[in-house]
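Below is one structure, written out as structure tokens, with a few remarks after it.
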Amino acid sequence: MRNTTAPANNMKFTRVCIDCGKVMHNVGYSRKRCPACARKAKLMACAAYNAAHKEDMSIPEPRPDTIPSPEIIRERAKARAAASDAAIRKVVLAASAAGVDYGTMAARMEGRL
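Position one of the sequence shown corresponds to residue 14 (this note's numbering), numbered consecutively onward.
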């Protein structure tokens, strides 16, 4: 019978950091840099990418005609609250008519009971 389990530890290679020359023991086969140099290389790569794509990353200014006024935002919130309140009131009235509490009636209406 063949052993199909993965080896317990595949970190068994000794490598030399390509930047600083530090010897790294018990690392994976593809490790190129020590942790300190890997952090520096990542920061340098990110900085180079950001510099090359700086104009692509700018956040466009919102158009004034698409920004709702605070009054419109309040009215929309009130409408959402009223719709939610009406649904809750409907369940509460049905629950009081049936003589059960809100949670039991909500569960019955959803088919959980």
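No residue lacks a Cβ here, since even glycine has one placed at the ideal position from N, Cα and C.
Note that the structure is a prediction, hence the values are computed from the model and not measured.
Segment limits, alpha helix (DSSP H) that includes residue i
i, result
"residue 27", "First-last for residue 27: 26-29, but that is the beta strand (DSSP E), not the alpha helix (DSSP H)."
"residue 115", "115-123"
Residue i (DSSP reduced to helix, strand or coil)
i, result
"residue 63", "helix"
"residue 98", "helix"
"residue 104", "helix"
"residue 109", "helix"
"residue 126", "coil"
"residue 78", "helix"
"residue 87", "helix"
"residue 45", "coil"
One or two residues paired with residue i in a DSSP bridge
i, result
"residue 36", "29"
Close Cβ partners of residue i (< 7 Å) along its chain, the five nearest in sequence each way excluded
i, result
"residue 30", "37, 46, 47 and 50"
"residue 55", "none"
C-alpha distance - residue i paired with residue j, whole-angstrom precision
i, j, result
"residue 86", "residue 107", "32 Å"
"residue 42", "residue 52", "19 Å"
"residue 120", "residue 97", "17 Å"
"residue 58", "residue 24", "26 Å"
"residue 78", "residue 84", "15 Å"
"residue 88", "residue 94", "10 Å"
"residue 109", "residue 100", "15 Å"
"residue 70", "residue 76", "18 Å"
Nonlocal neighbours in the same chain, by C-beta distance under 8 Å from residue i, ignoring five residues either side
i, result
"residue 44", "26, 28 and 37"
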